Amino acid sequence: MGQILHGSARTTEAVRRAIQHSQESLRVLAKRYGINQKTVAKWKRRTAVKDLPTGPKDARSTTLSIEEEAIVVAFRRHTLLPLDDCLYALQATIPHLTRSSLHRCLQRHEISRLPEVTGEKEPKKKFKTYPIGYFHIDIAEVRTAEGKLYLYVAIDRTSKFAFVQLVTKTGRTSASAFLVALIAAVPYKIHTVLTDNGIQFTFPPRYADGPTATYMTHMFDMRCRENGIEHRLTKIKHPWTNGQVERMNRTIKEATVKRYHYDSHAQLTAHLHDFVDAYNYGRRLKTLRGLTPYEYICKIWATEPKRFKLNPHHQMPGLNTASTVGLANGSGLTWSRRLRGPVQSPKALPSTAPMLRRTARRMAAKGG
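Residue numbers for the sequence shown follow the UniProt record's numbering, so the first one is 1 and each next one is one higher.
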């Protein structure tokens with residue numbers, strides 16, 4: 001490739017080289033090549049014929065201070081997070097930080113590329129797109145000093161909204177109760193759930209073609225049918241088919257039981273509640289183009305309100321709202337951190353319908 005010169009260039013690399021090797025005076029060389037004597041003197045002093053880079057010798061950001069650049073570099077080296085994750089985490093501290101300024105800062109400090117992971121990477125397969133309301137459900141075991149608990153986890157395939165519940169015993173009843181609680185917690189219509197082939201969700205394979213499957217319906221399938229939900233099962237011995245919720249299980253465990261010791265179930269419940277709230281309402285996700293799951297749901301509400309049972313803005317967590325994470329036990333009570341003591345489940349609360357009817361009759365009588 002030949003030399004590329006800017007429009008005002010008066011010398012080529014060959015002319016510059018000839019000037020450097022010539023013993024003639026500056027005046028003679030300037031007259032010969034039609035340039036200024038200062039230009040001749042400049043190239044005689046240099047040992048190379050390439051143009052020097054333009055711009056400041058010590059490159060630095062025009063938008064970030066030295067302290068802010070130090071924060072960015074230290075955060076990247078400590079966390080090794082991808083570019084977008086670094087951006088979302090640092091914007092809370094540096095509001096004027098943009099993606100381009102962050103990338104240029106990392107390039108200046110030669111940490112714009114993360115270390116390559118050893119081994120061959122499997123090509124990623126794209127998920128089929130679905131409207132919101134497709135939930136992946138799974139169960140995991142967790143432990144505290146008081147013993148073992150079972151963690152039900154559900155995550156929306158599209159909005160990434162997560163819902164979890166701790167139970168002391170797992171089975172058809174607890175799985176069905178979890179589905180009912182999930183339906184009540186989500187502001188939009190659930191159209192599909194994907195589970196594994198555990199006995200909590202379906203009959204064992206040996207009963208698939210017998211009278212059990214012919215004349216009986218699993219409790220979980222009954223709840224799905226009552227709410228117009230399609231129940232799909234993963235292929236046997238293919239847990240990666242339900243990979244989204246498997247990854248969510250890992251994320252939850254890494255933030256809780258794998259990092260901290262819990263003396264009681266209540267401690268784990270409280271911390272789990274805080275983590276899930278922070279995830280749903282504060283975690284900005286690259287797959288949602290920088291939105292949180294809650295913000296994405298509100299965005300869909302603005303464009304497709306027919307998919308919703310109620311306005312999602314009404315579910316913004318407040319100081320006096322009950323937790324979406326609880327510990328279900330045999331007494332029908334759910335422990336909540338936001339409300340002191342055990343809070344009765346909706347089934348255990350007295351119905352308010354008679355009171356509302358009496359109030360309506362009184363108002364009608366007064367109006368007449």
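Note that beta-carbon positions come from the ideal geometry of N, C-alpha and C, so glycine has one too. None of these values were measured; they are calculated from a predicted model.
Which of helix, strand or coil DSSP assigns to residue i
{"i": "valine 257", "result": "coil"}
{"i": "aspartate 51", "result": "coil"}
{"i": "leucine 291", "result": "strand"}
{"i": "phenylalanine 163", "result": "strand"}
{"i": "tyrosine 150", "result": "strand"}
{"i": "serine 336", "result": "Unreliable placement is indicated for serine 336, whose pLDDT of 32 sits below 50; no coordinate value is reported for it."}
{"i": "lysine 347", "result": "A caution first: lysine 347 carries a pLDDT of 36, below 50, which makes its placement in the model unreliable, though a value can still be read off. Lysine 347: helix per DSSP, three-state reduction."}
{"i": "threonine 63", "result": "coil"}
{"i": "glutamate 304", "result": "coil"}
{"i": "leucine 268", "result": "helix"}
{"i": "tyrosine 130", "result": "coil"}
{"i": "glutamine 20", "result": "helix"}
{"i": "tyrosine 188", "result": "strand"}
{"i": "serine 323", "result": "For serine 323, the pLDDT reaches just 48, beneath the cut-off of 50, and the residue's location in the model is therefore unreliable, although a value from the coordinates is still provided. Note: serine 323 maps to coil in three-state DSSP."}
{"i": "arginine 76", "result": "helix"}
{"i": "methionine 248", "result": "helix"}
{"i": "arginine 203", "result": "Checking the sequence, you will find phenylalanine at residue 203 rather than arginine. DSSP places phenylalanine 203 in coil when its eight states are reduced to three."}
{"i": "isoleucine 236", "result": "coil"}
{"i": "glycine 243", "result": "helix"}
{"i": "isoleucine 4", "result": "coil"}
{"i": "glutamate 116", "result": "coil"}
{"i": "proline 312", "result": "helix"}
{"i": "threonine 262", "result": "Correcting the residue identity first, residue 262 is tyrosine in this sequence and not threonine. Coil, per DSSP."}
{"i": "glycine 9", "result": "For the sequence presented, residue 9 should be read as alanine rather than glycine. Three-state result, alanine 9: coil."}
Residue range of the beta strand (DSSP E) that includes residue i
{"i": "isoleucine 137", "result": "134-144"}
{"i": "valine 180", "result": "Counting along the chain, valine 180 falls outside any beta strand (DSSP E), though it belongs to the alpha helix (DSSP H) covering 172-185."}
{"i": "leucine 194", "result": "192-195"}
{"i": "glutamate 230", "result": "230-233"}
Beta carbon of residue i nearer than 8 Å to that of residue j
{"i": "leucine 233", "j": "threonine 202", "result": "yes"}
{"i": "valine 167", "j": "serine 174", "result": "yes"}
{"i": "histidine 136", "j": "leucine 194", "result": "yes"}
{"i": "isoleucine 35", "j": "glutamate 68", "result": "no"}
{"i": "valine 186", "j": "isoleucine 252", "result": "no"}
{"i": "leucine 83", "j": "glutamine 91", "result": "no"}
{"i": "aspartate 85", "j": "asparagine 249", "result": "no"}
{"i": "leucine 291", "j": "lysine 299", "result": "yes"}
{"i": "leucine 52", "j": "valine 40", "result": "no"}
{"i": "lysine 189", "j": "glycine 133", "result": "yes"}
{"i": "tyrosine 296", "j": "serine 159", "result": "yes"}
{"i": "serine 275", "j": "alanine 302", "result": "Checking the sequence, you will find phenylalanine at residue 275 rather than serine. No, they are not a contact pair."}
{"i": "methionine 216", "j": "serine 176", "result": "no"}
{"i": "leucine 102", "j": "valine 72", "result": "yes"}
{"i": "arginine 225", "j": "glutamine 200", "result": "no"}
{"i": "proline 108", "j": "alanine 74", "result": "A small correction: the amino acid at residue 108 is arginine; proline does not occupy that position in the sequence shown. Contact flag unset, no."}
N-terminal and C-terminal residue of the alpha helix (DSSP H) that residue i is part of
{"i": "arginine 27", "result": "26-33"}
{"i": "methionine 219", "result": "219-226"}
{"i": "lysine 42", "result": "37-45"}
Residues bridged to residue i (per DSSP)
{"i": "aspartate 156", "result": "Phe135"}
{"i": "leucine 285", "result": "Leu291"}
Can you list the beta strand (DSSP E) stretches of 3 or more residues lying completely in the stretch 84-110, in chain order? Here no run is fully enclosed.
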